[in-house]
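Chemist:
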Amino acid sequence: MTSTLLAVRDLRASYPGPSGPVEVVHGVDLDLARGEKLALVGESGSGKSVTARAILRLDPDATLSGRVELDGADLLALPTRRMRAIRGARVGLVFQDPLAALNPVMTIGWQITQPLVIRGVPKKIARRRGVDLLARLGVRDAERRFDDYPHQFSGGMRQRVVIAIAVIAEPDLLIADEPTTALDVRVQARVLELLHELTGERDMAVLLITHDLGIVAGFADRAVVMRHGRAVETGSVEDIYHRPRHEYTKALLAAVPRIGGDPTRPLITIKEGER
Amino acid sequence: MTEPLLRVTNLTKSFAGRRVLSGVSFEVAPGEVLGLVGESGSGKSTTARCVARLTEPDAGQVVLGGRDVLAAGRRELRVLRRDMQMVFQDPYASLNPRMTVAALIEEPLAVHGLEPDRRLRRKRAADLLETVGLSAEHLDRHPRSFSGGQRQRISIARALAVRPRLLICDEPVSSLDVSVQAQVLNLLRDLRQRLDLSILFIAHDLAVVYYLCDRVAVMEQGTLVEIGTRAEVYGNPRHPYTRSLLDAVPVPDPTDRGSRP
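Chains F and S, in that order, give the protein sequences. Residue numbers for the first sequence follow the UniProt record's numbering, beginning at 1 and rising by one. Residue numbers for the second sequence follow the UniProt record's numbering, beginning at 1 and rising by one.
(1) Quick one: what does DSSP say C213/S is sitting in, helix, strand or coil?
(2) Going by C-alpha distance, which of P252/S, Q221/S, T2/S and R151/S is nearest V237/F?
(3) Using a Cβ-Cβ distance cut-off of 8 Å, determine whether S44/F contacts chain S.
(4) Residues in the segment 78–111 of chain F with C-beta within 9 Å of chain S's C-beta atoms, listed in sequence order?
(5) How long is the line joining the alpha carbons of A200/F and R151/S, rounded to whole angstroms?
(6) Run through DSSP, which three-state label would Q85/S get?
(7) On a CA-only basis, which of H112/S, V87/S and R257/S is nearest F201/S? Give me that one, please.
(8) Between H26/F and H228/F, what straight-line distance do the alpha-carbon atoms span, to the nearest angstrom?
(9) Can you check whether the CB of T100/S is closer than 8 Å to the CB of R158/S?
(10) For H242/F versus E233/F, is the C-beta spacing smaller than 8 Å?
(11) Check for me: the alpha helix (DSSP H) holding G199/F runs from which residue to which?
(12) So is A255/F in contact with chain S if we call contact Cβ pairs under 8 Å?
(13) Going by the CB atoms, is the gap between T9/S and S22/S shorter than 8 Å?
(14) Starting from the C-beta of E143/F, find all residues in its chain whose C-beta is less than 6 Å away, skip the five residues before and the five after it, and write them out in chain order.
(15) The beta strand (DSSP E) that contains L267/F, what's its start and end?
(16) Between the alpha carbons of R18/S and R78/S, how many angstroms are there, rounded?
(17) Determine the DSSP secondary structure at T63/F, reduced to helix, strand or coil.
(18) Give the C-beta separation of V180/S and G149/S to the nearest angstrom, bearing in mind that I take them to be a contact with Cβ-Cβ under 8 Å.
(19) Return the Cβ separation of G138/F and V187/F in integer angstroms, given the expectation that the two are a contact with Cβ distance under 8 Å.
(20) Using a Cβ cut-off of 7 Å, pull out every chain F residue sitting near Q183/S, in sequence order please.
(21) Counting only beta-carbon atoms, is T242/S nearer than 8 Å to chain F?
(22) Return the CA-CA distance between T242/S and F95/F, expressed in angstroms with no decimal places.
(23) Considering Q181/S, what are the terminal residues of the alpha helix (DSSP H) in which it resides?
(24) What residues from chain F crowd round Y234/S, counting only those whose CB sits closer than 9 Å?
(25) Pull up the distance between the alpha-carbon of I215/F and that of D141/F, whole angstroms please.
(26) Could you spell out where the alpha helix (DSSP H) holding S45/S opens and where it closes?
(27) At the 8 Å Cβ level, is Y92/S part of the contact set with chain F, yes or no?
(28) Closer than 8 Å by C-beta to R67/S: which residues in its own chain qualify, once you throw out the five before and the five after it? Chain order, please.
(29) Measure how close the beta-carbons of M226/F and G42/F come, nearest whole angstrom, since I'm counting them as under 8 Å.
(30) For R151/S, decide whether its Cβ has a neighbour in chain F, counting only Cβ atoms nearer than 8 Å.
(31) To the nearest whole angstrom, what separates the beta carbons of A164/F and L133/F, a pair I think is in contact under 8 Å?
(32) Leaving aside the five residues before and after V161/F along the sequence, list all residues of the same chain whose C-beta is less than 6 Å from its C-beta, in chain order.
(33) Go through its chain and collect everything with a Cβ distance to E56/S's Cβ below 6 Å, but skip five positions before and after it.
(34) Does any CB atom of chain F fall closer than 8 Å to the CB of E220/S?
(35) When the Cα of T180/F is compared with those of G260/F, T249/F, D172/F and T210/F, which residue comes out closest?
(36) Per DSSP, what are the beta-bridge partners of F146/F in this structure?
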């Protein structure tokens with residue numbers, strides 16, 4: 001058995017509302033081992049993104065309780081400054097919107113190499129590694145494009161830049177919130193493949209937040225199905241897809257159109273009121 | 001072979017000197033659903049917009065029910081648009097937030113002069129809401145009080161108001177959650193059967209297209225590289241681009257981790 005990297009216990013997150021705090025994550029438990037790929041899957045409003053943000057204390061106005069242990073250290077109890085250091089060094093982050101994550105006035109290459117440069121890696125070596133990583137992410141002419149600015153890149157290319165920034169310093173954990181949602185399927189496949197390789201090569205663990213049940217099945221080792229701020233089912237992807245226990249998991253799986261399925265049969269739906 | 005409802009021939013379009021459509025040709029038969037798939041930038045949305053003449057193509061021909069869409073003058077185009085209506089991707093942007101549902105659905109009836117009587121217009125709006133799985137009690141609400149899936153139903157009701165023969169849907173379910181997506185897909189499938197609708201269905205999600213479409217056209221960089229029946233394109237794709245797209249589709253089954261080394 002591999003060692004636990006991240007252990008989350010009874011995580012609760014509340015946000016200020018017009019009539020007092022509103023709890024949106026109601027006690028989530030999850031465990032992630034080194035080198036493991038865990039998917040947090042759910043529909044919009046299920047609390048999957050808020051859970052990921054709570055793990056890293058990204059929202060200053062959120063009130064958090066419970067325990068979030070990274071290698072035994074409780075992140076919820078850390079001083080802000082040490083928390084910031086962990087976000088940069090131990091945990092890489094990728095969000096869906098690549099434009100918001102990039103600095104428009106710095107070159108792609110500068111941004112990709114920053115995580116290495118601030119840790120004292122010589123610029124030349126950092127550049128070499130950055131170019132290699134971009135090329136592995138399927139960016140053609142990576143060497144030449146390295147000195148371009150974000151506005152010269154398409155949305156899909158920018159997202160690959162964001163992923164490169166997140167993984168170049170070899171974090172123990174990558175938290176990726178819908179990292180491929182804006183990408184075309186072939187680029188998506190390539191990005192997921194690279195993340196898969198990195199987990200093998202560097203023992204990097206991935207917490208993948210997604211709504212896409214196809215991606216979960218192809219990528220993750222285990223999954224947590226979330227709904228209304230709760231984890232309704234946790235298990236290996238084999239168990240979740242082939243032996244789902246919770247009615248919601250079953251309904252969600254039945255709602256997905258499948259190539260090769262019977263197109264004459266209507267898709268099973270979840271009643272709007274039940275969502 | 002029946003006469004096609006829509007015949008598109010050699011559609012060509014450039015934006016700022018960049019060729020975005022090169023000689024796109026296809027047909028849609030009465031009652032048929034044709035899927036138009038491809039990656040972003042492949043020209044699938046531009047094709048749809050040229051067919052509806054929301055974008056003017058540089059060359060080519062679009063014939064709907066025997067009438068030339070591209071040669072039509074303003075008045076003729078308005079009549080033609082009664083036969084083809086569009087449903088867009090973002091139901092938050094495509095419905096005027098200041099109009100009630102009744103006004104949104106009645107507007108096309110008024111514009112086309114189809115139902116001059118106000119009471120009958122409202123009755124028709126109520127019927128249309130029921131057709132798409134909502135009800136008359138929703139008529140006086142505004143779009144903001146509806147979820148994304150319900151809004152997309154309202155968009156569909158609005159498009160159906162003028163009894164079109166062709167529905168052009170540009171990524172109508174791609175912004176919806178999977179359970180809501182299933183409802184809208186079931187609705188479209190049900191409507192085409194009940195109303196004998198033809199649908200030109202633009203989507204990037206190949207599983208969604210598989211579920212809904214009789215035939216599939218695959219676009220790459222402004223060119224239509226392959227067109228065939230669902231069984232042909234999915235079962236025996238001829239073009240390498242189609243194959244690479246199909247290979248990249250995530251399969252919702254962990255036992256099928258195909259391309260993984």
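Cβ coordinates follow ideal geometry from the N, Cα and C atoms, glycine included.
Modeler: Based on what the coordinates show:
(1) For the purposes of this step, residue 213/S is taken as residue 213 along the second sequence, with counting starting at 1. Coil at C213/S, not helix or strand.
(2) As a first step, residue 237/F must be located in the first sequence, where it is residue number 237. Out of P252/S, Q221/S, T2/S and R151/S, P252/S has the C-alpha closest to the C-alpha of V237/F.
(3) Taking the first sequence and counting its residues from 1, one reaches residue 44/F at position 44. Yes, because at least one Cβ of chain S sits closer than 8 Å to the Cβ of S44/F.
(4) none
(5) Start at 1 with the first residue of the first sequence, and residue 200/F comes out as number 200. Start at 1 with the first residue of the second sequence, and residue 151/S comes out as number 151. It should be noted that the sequence gives Gly, not Ala, for residue 200/F. Looking at the two C-alpha atoms, the distance is approximately 44 Å.
(6) What you label residue 85/S is simply residue 85 of the second sequence in a count that begins at 1. Q85/S falls in the strand class under three-state DSSP.
(7) Within the second sequence, the letter at position 201 stands for residue 201/S. If we check each option's Cα against that of F201/S, V87/S comes out closest.
(8) Looking up residue 26/F in the first sequence gives position 26. Looking up residue 228/F in the first sequence gives position 228. Distance between the alpha carbons of H26/F and H228/F: 8 Å.
(9) Here residue 158/S refers to the residue found at position 158 when the second sequence is read from its first residue. Here residue 100/S refers to the residue found at position 100 when the second sequence is read from its first residue. No, Cβ-Cβ distance for R158/S and T100/S is not below 8 Å.
(10) As a working note, residue 242/F is residue 242 in the first sequence. As a working note, residue 233/F is residue 233 in the first sequence. Result no, Cβ atoms of H242/F and E233/F do not sit closer than 8 Å.
(11) The count along the first sequence starts at 1 and reaches residue 199/F at position 199. The sequence as given places Thr at residue 199/F; Gly does not occur at that position. Its alpha helix (DSSP H) spans residues V185 to R202.
(12) Along the first sequence, one-based indexing puts residue 255/F at 255. With 8 Å as the cut-off, A255/F counts as an interface residue toward chain S.
(13) Residue mapping note: residue 22/S aligns to position 22 of the second sequence, counting from 1. Residue mapping note: residue 9/S aligns to position 9 of the second sequence, counting from 1. Cβ distance not < 8 Å, so S22/S and T9/S don't count as in contact.
(14) For the purposes of this step, residue 143/F is taken as residue 143 along the first sequence, with counting starting at 1. So the list reads V131, once near-sequence residues are dropped.
(15) Residue 267/F sits at position 267 when you count from the first residue of the first sequence. Unbroken run through L267/F: none, as it is neither H nor E.
(16) Along the second sequence, read from residue 1 onward, the residue named residue 18/S stands at position 18. Along the second sequence, read from residue 1 onward, the residue named residue 78/S stands at position 78. Answer to the nearest angstrom: the Cα atoms are 30 Å apart.
(17) As a first step, residue 63/F is located in the first sequence; it is residue number 63 there, counting from the start. Note: T63/F maps to strand in three-state DSSP.
(18) Position 180 of the second sequence, counting from 1, holds the residue named residue 180/S. Position 149 of the second sequence, counting from 1, holds the residue named residue 149/S. With a Cβ gap of about 3 Å, V180/S and G149/S count as contacting.
(19) In the first sequence, counting from the first residue as 1, residue 138/F sits at position 138. In the first sequence, counting from the first residue as 1, residue 187/F sits at position 187. Contact holds; Cβ gap of about 6 Å.
(20) Locating residue 183/S in the second sequence gives position 183, counting from the first residue. Those are T269, listed as they occur along chain F.
(21) Residue 242/S sits at position 242 when you count from the first residue of the second sequence. It does not: the Cβ of T242/S has no partner Cβ on chain F nearer than 8 Å.
(22) If you number the second sequence from 1, residue 242/S lands on position 242. If you number the first sequence from 1, residue 95/F lands on position 95. One C-alpha to the other measures close to 29 Å.
(23) What you label residue 181/S is simply residue 181 of the second sequence in a count that begins at 1. Unbroken alpha helix (DSSP H) run through Q181/S: V178 to L195.
(24) The count along the second sequence starts at 1 and reaches residue 234/S at position 234. The answer, in chain order, is I259 and G260.
(25) Translated into positions along the first sequence, residue 215/F becomes position 215. Translated into positions along the first sequence, residue 141/F becomes position 141. Their backbone Cα atoms lie some 28 Å apart in a straight line.
(26) Here the question's residue 45/S lines up with position 45 in the second sequence. Segment K44 to V51, the alpha helix (DSSP H) holding S45/S.
(27) If you number the second sequence from 1, residue 92/S lands on position 92. Chain F contact via Cβ: absent.
(28) As a working mapping, residue 67/S is identified with position 67 in the second sequence. Result list for R67/S: E76 and L80, in chain order.
(29) Start at 1 with the first residue of the first sequence, and residue 226/F comes out as number 226. Start at 1 with the first residue of the first sequence, and residue 42/F comes out as number 42. 4 Å between Cβ atoms; contact.
(30) Taking the second sequence and counting its residues from 1, one reaches residue 151/S at position 151. Not closer than 8 Å to any Cβ of chain F, the Cβ of R151/S fails to qualify, so no.
(31) Taking the first residue of the first sequence as position 1, residue 164/F is located at position 164. Taking the first residue of the first sequence as position 1, residue 133/F is located at position 133. A164/F to L133/F, Cβ: 5 Å. Contact.
(32) To locate residue 161/F, count along the first sequence from 1; it is residue 161. Counting only Cβ-Cβ distances below 6 Å, and skipping sequence neighbours, we find I108.
(33) Residue mapping note: residue 56/S aligns to position 56 of the second sequence, counting from 1. Here the set comprises nothing.
(34) Here residue 220/S refers to the residue found at position 220 of the second sequence. False, the Cβ-Cβ gap to chain F never drops below 8 Å.
(35) The sequence position of residue 180/F within the first sequence is 180, counting from 1. Checked all of G260/F, T249/F, D172/F and T210/F; the closest Cα to T180/F is T210/F.
(36) In the first sequence, the residue the question calls residue 146/F occupies position 146. According to DSSP, F146/F bridges with nothing at all.
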